[in-house]
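Those protein sequences? They're chains A and B, same order as listed.
To convert, note that position 428 of the first sequence is 428 in my numbering; the numbers rise steadily by one, no gaps.
Counting from 1 along the second sequence, just add 1000 to a position and that's the residue number in my numbering.
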Amino acid sequence: MSTDSIAWPGSESHSRAFVDQLHEWIATVDHKRLGIMYIVYALVFLVIGGVEAMVMRIQLIRPHNDFVSPQVFNRMFTLHGTTMIFFVAMPIVFGFGNYLLPLMIGARDMAFPRLNAFSFWLSAFGGFLLYFSVLGANGLYGAGNAPDVGWFAYAPLTSLAFSPGHSTDYWTLSLLVSGFGSIGTAINIVATILCMRCPGMTLGKMPLLAWMNLVMGGMVLLAVSPLTAAQIMLMIDRYLGGHFFDTQAGGSAVIWMHFFWIFGHPEVYILIIPAFAFISEIIPVFSRKAMFGYPIMVAATISIGFLAMSVWAHHMFTVGMSSNANTFFVLSTMAISVPTGIKIFNWLATMWGGKILFKTPMLFAIGFLFQFLIAGLTGIMLASAPFDWQLGNSYFVVAHFHYVIVGGILFALFGAFYYWYPKMSGKMCSETLGRWHFWLFLIGFHLTFDFMHIPGLLGMPRRIYTYEPGRGWDSWNLIVTVGVVFQSLGVLVFVYNLLWSYFRGEIAGSDPWDAWTLEWSTSSPPPAYNFVAIPAVLSRRPLWDLKHPDDPDWKYE
Amino acid sequence: MSATSISMTVPEPNWTLPARGTVAMFCLIAAEAAIFTIFVVAYLFYAGKSLTGPQPKDVLEAPIFYSICLLSSSLTIHMAVVALRKGSIRNFGMWWGATIVLGAAFLYGTASEWHKLIYREGLTISTNLFGTTYYSLVGLHGSHVVIGLVAMTTVMAFALLGKVSEEHAERVDVLSLYWHFVDAVWVVVFTVVYIIGR
């Protein structure tokens, strides 16, 4: 195995000075190193964003709690939302895309390695700007030191009159800068998938992960740009005295909502489609079956991509749009459940009759299936405008989208970590610790987010820093906060597992899961050049063909 | 098992994929088009909603000459790329230089229009909604013209140093795609600002 690969990065690390290594990482244009940097950077922010969530939950554990002040609470939910979306979810998705795409399509690097490094550092700098606001935003005004306008920053709260000081400027700039990074990475991902595939890998023979990242890249181009435009407008308002969102000069606060959600809703699909991609790679391998309905999966992904662009105003039913607009956005939102449902059935059909191996990645994938289904069901409830008028901006909404993001995206990401960690590090993750992580996190997740629906139904609005006793919210909030303890224990076990396995884990070998896509054909971790010779493929499962020359896939595809 | 053994037979004798530069430029154009769309929507949404003057119909004059300059530069840059493909460096330099001159003329047109609006009509970006949307939309386009001019001037400098040859035709073509996009956006901006918005 891997006799023909030359020393992988790190094997001679002991003889080199720390500064040299650091310089190598900082100046690197290698897609694998940049991918790992994206992922590590996102994990750091995951811990920061998680601590912010804990602060909020401790504050809400009982009525009239005074753990933090209302001002600090506002900063916490703003930083938590912004961090988790822009500096955890996006970079982690880009990190896996960066690391895996060239390996899975048989290329030696991304299409534009230097653009790749540039985009990473832009994103990293964006995250730095957001948190620098805690120190730097006080300025001469002495008013507010971290953004406190909420992660969707509705006008006119962001105007100079209501947000003096520089906290909102830091928020705007950090999103603008990381947005440019995202657009750069999206260009790179699309160009890599379209232009760098190895011989024989037609679009119809690409791994589903590549297809879904292609759709995700296209969506980033069309969805992150409106956010960039809106942030430029906000800067013009705040710095040059413009009137885009200034209602006193005839401007409109509602148009900011439109511009934000034209980004904001596709963004959810930008994050969930890569999660679908991980699930579509994990489930076949651990069911020992080829993916069921590959062409339909591709078609469903593309139709989700299109539909996702036309659902944004379901975030705005409570604003008071025309009944025509309400009807359109109700119908388009409900329509998106059709391709999503197709996907769930395809994953189930892949597992059906398969020889299922319950390894840690598969546990997380199965958790994803159930939880994403429930998240979708509460999504359909909220998609009907009259229901949303009742529950808009309540904890029911918070519970719904955390079900999508934590129960769906984060579970898929944990699965992806356990599945590809052997490829990235060369070591297996501990199964025992992995199971501890899974069960702790599963219990914590359900304690927190199942029970969070109920105070929402009972009328608890989101973003309140405390509440009166005797409204029937008290015990639910206590349970929700207790769940956080389990979740954070799970994450601690996860981080410990990553570190422990890196030093003590079993040697993985190039193909520990007996998988079928090209990344498992090279050594673990792969050499800087990925493949000694650029491979050529005949089917969607080139390694199956290689391992079963008597019964190859290309005879049937 | 080794990495090399993946290759079993050569499946496609002519395995060609799209050029990455062109694909990347089309991606960039898609993203830029989305940014411009948001600014155009804002312009149309706020047309006629300014609470104070000056209004567009009082102060705006369609810059027809300078628009012709910009639009015809699409033709000259196309001729430049064609010349380079044929290996005619001299013709390339002439057409390329003409494109830069036409682009610069357009920029001068915008500058003089803004000068008139600011100093004679008293319209700035903070005067009213019209000022805010007008300067930001036209300015966003103008900044793209500036970026294009910087890039084209860089190529021109290399051409004058004798460093541009036929083999660079593809890269120059990618840059010309950007310039065509900037021109096409001007058609939209012109229609929105000087025809519909007035």
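We put the CB at the ideal spot given by N, CA and C, even for glycine.
From a predicted model like this one, the values you see are computed outputs, not experimental measurements.
Would residue i pass as an interface residue toward chain B - the criterion being a Cβ-Cβ separation below 7 Å?
i, result
"G509 (chain A)", "no"
"S11 (chain A)", "Residue placement at S11 (chain A) cannot be trusted, given a pLDDT of 48 that sits under 50; what the coordinates show is reported in the next sentence. Closer than 7 Å: no."
"L194 (chain A)", "yes"
"A153 (chain A)", "no"
"A117 (chain A)", "no"
"I6 (chain A)", "For I6 (chain A), the predicted model reports a pLDDT of 49, less than 50, meaning its position is unreliable; a value from the coordinates is still stated below. Taking Cβ atoms only, chain B never reaches closer than 7 Å to I6 (chain A), which makes this a no."
"T574 (chain A)", "With chain A covering only 1 through 557, there is no way to say anything about residue 574 (chain A)."
"T34 (chain A)", "Thr is not the amino acid found at residue 34 (chain A); the sequence shown has Leu there. Not one chain B Cβ lies under 7 Å of L34 (chain A)."
"T172 (chain A)", "no"
"L203 (chain A)", "no"
"P274 (chain A)", "no"
"P207 (chain A)", "no"
"P199 (chain A)", "yes"
"F259 (chain A)", "yes"
"H548 (chain A)", "no"
"S225 (chain A)", "yes"
With 16 other CB atoms within 10 Å as the buried threshold, where does residue i fall?
i, result
"E468 (chain A)", "exposed"
"A419 (chain A)", "Looking at the sequence provided, one finds Tyr at residue 419 (chain A) rather than Ala. It counts as buried."
"K205 (chain A)", "buried"
"G470 (chain A)", "exposed"
"D246 (chain A)", "buried"
"Y38 (chain A)", "buried"
"I409 (chain A)", "buried"
"V484 (chain A)", "buried"
"I507 (chain A)", "exposed"
"P213 (chain A)", "Correcting the residue type first, residue 213 (chain A) is Asn in the shown sequence and not Pro. Looking at its Cβ environment, which holds 16 or more other Cβ atoms inside 10 Å, N213 (chain A) is buried."
"A7 (chain A)", "Because the pLDDT of A7 (chain A) is 47, which lies under 50, any placement of that residue in the model is unreliable, and the question is left without a value."
"V1185 (chain B)", "buried"
"T1016 (chain B)", "exposed"
"L499 (chain A)", "exposed"
"V1155 (chain B)", "buried"
"A1042 (chain B)", "buried"
"D66 (chain A)", "exposed"
"G320 (chain A)", "exposed"
Consider the Cβ of residue i: report whether some Cβ of chain A lies at a distance smaller than 7 Å.
i, result
"F1039 (chain B)", "yes"
"P1056 (chain B)", "no"
"P1063 (chain B)", "no"
"C1027 (chain B)", "yes"
"V1023 (chain B)", "yes"
"A1034 (chain B)", "yes"
"W1015 (chain B)", "yes"
"A1157 (chain B)", "no"
"T1110 (chain B)", "no"
"A1098 (chain B)", "no"
"R1020 (chain B)", "yes"
"L1044 (chain B)", "no"
"L1123 (chain B)", "no"
Specify the secondary structure class of residue i as computed by DSSP and reduced to three states.
i, result
"I507 (chain A)", "strand"
"K359 (chain A)", "coil"
"K1049 (chain B)", "coil"
"I193 (chain A)", "helix"
"W1186 (chain B)", "helix"
"T333 (chain A)", "helix"
"R62 (chain A)", "coil"
"G372 (chain A)", "Checking the displayed sequence, the identity of residue 372 (chain A) turns out to be Phe instead of Gly. The answer is helix: DSSP assigns F372 (chain A) an H, G or I state."
"A7 (chain A)", "Note that A7 (chain A) has pLDDT 47, beneath the 50 cutoff, so the model's placement of it is unreliable and the number below is only indicative. Note: A7 (chain A) maps to coil in three-state DSSP."
"F18 (chain A)", "helix"
"K587 (chain A)", "Only positions 1 to 557 of chain A appear in this structure, which leaves residue 587 (chain A) out of reach."
"L1102 (chain B)", "helix"
"Q1055 (chain B)", "coil"
"I454 (chain A)", "helix"
"C1027 (chain B)", "helix"
"N1014 (chain B)", "coil"
My assumption, with CB atoms under 8 Å, is that residue i sits in contact with residue j. Please give the rounded CB distance.
i, j, result
"F372 (chain A)", "G407 (chain A)", "7 Å"
"G1048 (chain B)", "E1170 (chain B)", "That belief does not hold up - the Cβ atoms of G1048 (chain B) and E1170 (chain B) are roughly 46 Å apart, past 8 Å."
"L122 (chain A)", "V177 (chain A)", "6 Å"
"L222 (chain A)", "A1030 (chain B)", "6 Å"
"Y395 (chain A)", "G456 (chain A)", "3 Å"
The ligand MN and residue i: does any heavy atom of the ligand fall closer than 6 Å to the residue's C-beta?
i, result
"S1073 (chain B)", "The model depicted lacks the ligand MN and carries no ligand whatsoever."
Pull the bridge partners of residue i from the DSSP assignment, please.
i, result
"S394 (chain A)", "A:P461"
"K427 (chain A)", "A:I507"
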